[in-house]
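So the number in our numbering is just where the residue sits in the sequence shown, counting from 1, plus 18. Cβ atoms here follow ideal geometry from the backbone N, Cα and C, with glycine treated the same way. Being a predicted model, the structure only gives us computed values, none of them experimental.
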Amino acid sequence: MIYKKRWLNILTSIFDFGPLTPFVEDENITDINFNGVDLWIDDLVRGRLVHRNFSSHEVMWRICSRLSNIVNLPFNQQHPVLETDFNHLRISVIHPSITRFLSVSIRKTTYKLRLSESYIGASSYMSISALKFLKYAVRSKCNILVSGLPGAGKTELIKFLAGYISRDERIITIEDSYELHLKQIYPTLDTVEITVDERFSYSHAIKACLRQRPNWLLLSEVRGAEIVDLLRCISTGASVMSTVHARSAMEIPDRIQQMTPVTEYINEQKIFDAINIGIHIDLKICANGIQRFIREIVVFTREGHYRLYSFKGKRLQAKIPELIKEKAELYGVKW
């Protein structure tokens, strides 16, 4: 299995993407989408761009066929969706039998940090006071969920915040495809990387982690019934960071309840006991590129939840709750 994986890595590193190659190799491009006619790309500097009448159907079809062969996955009318992790790419291809035209979506992950303290200080991503609070929260082992639309940069924020985890703490990451890359970004951290699939689910992975002495669990995304296992894991003392799809940080508790199976019951108090902080990231496409920013930071307590920070606010809007101050004091973290 190890040799097979190494051989696949070698093959993917030399794979010819044809006319897509310049976009795959451009570090400023995060997403590549082909709709059968036009190619749309998301560029960190230039925003969302389109190349009309890009290439031919035959050329794109040959690329997808070779991709199917190299990863040894079927792609035909009986198996119309091809999804694979390919080197540092997440690729999804939909067969023209169900979309009329061939549809290709490529999401690029990076082994580098796109966020830094210097970038945040020079941009409108969030205020310095908000950054100071998030550093304080991570060092105090607060449980954090990050919400936002696909492509907003939720995983990038978690990668950045992981840098404030103490070097003597053990981190276990759980992902369906490698996006966090903590081993490459923070090689001195004690990190274990787990991938899930149809044979080994998020719930299985979370349960297995409890025997691995985790200080932190970092999930690429929480989507469904595994939220119950995640909350139970928090109750054992592990700290958590994960992403979730929600319209705002304020709505994260409601989203958790929606994901909870009917057979389970989790009231708001249990959620507020487990999750300390919600962060929502927005993005907008403007003339000078794609702007990502933290719209709000919300704190959850037994007394309820309230907004601590809003976009363009230089100062925190409320006092840090006693619960978080107590956690900070417990771990010797100073404001």
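If you compare alpha carbons, which of Ile-109, Ala-256, Lys-332 is closest to Ser-158?
-> If we check each option's Cα against that of Ser-158, Ala-256 comes out closest.
Buried versus exposed, by CB contacts within 10 Å (16 or more), His-97 = Residue environment analysis places His-97 among the exposed positions, since fewer than 16 neighbouring C-beta atoms fall within 10 angstroms of its C-beta.
Ordered along the chain, which non-local residues of its own chain (more than five positions away) have a Cβ less than 6 Å from that of His-113?
-> Same-chain partners within the cutoff: Pro-98.
Own chain residues within Cβ distance below 6 Å of Ser-145, not counting five before or after = Within its own chain, the residues whose Cβ lies closer than 6 Å to the Cβ of Ser-145, once the five positions on either side in sequence are excluded, are Lys-332, listed in chain order.
Leu-228 - DSSP class collapsed to helix/strand/coil | The three-state secondary structure of Leu-228, taken from DSSP, is coil.
Below 9 Å between beta carbons: does that hold for Arg-356 and Asp-300?
-> The requested residue 356 is not part of the displayed model; the chain covers only 19 to 353.
Quick one: Cα of Met-19 to Cα of Ile-212, how far?
-> Bear in mind that a pLDDT of 44 at Met-19, under 50, signals an unreliable position, so the model cannot answer this.
Determine the extent of the beta strand (DSSP E) in which Ile-42 is found, giving its start and end residues.
-> Correcting the residue type first, residue 42 is Val in the shown sequence and not Ile. No beta strand (DSSP E) contains Val-42, which is instead part of the alpha helix (DSSP H) from 39-43.
Could you tell me which residues DSSP pairs with Cys-304 in its beta bridges?
-> Answer is Gly-307.
Find out if the Cβ-Cβ distance for the pair Lys-153, Tyr-196 is shorter than 9 Å.
-> Not a contact, by the Cβ cut-off of 9 Å.
Is Arg-84 helix, strand or coil by DSSP?
-> The answer is helix: DSSP assigns Arg-84 an H, G or I state.
Nearest chain D C-beta to Arg-325 closer than 9 Å, yes or no?
-> Structure shown: chain D not included; a single protein chain is present.
Contiguous beta strand (DSSP E) assignments of at least 3 residues, all confined to the region 90-124 | Counting only runs of 3 or more residues that sit fully inside the region 90-124, the beta strand (DSSP E) segments are 99-104, 107-112, in chain order.
Exposure of Ala-305, with buried meaning 16 or more beta-carbon neighbours within 10 Å = Its Cβ having fewer than 16 others within 10 Å, Ala-305 is exposed.
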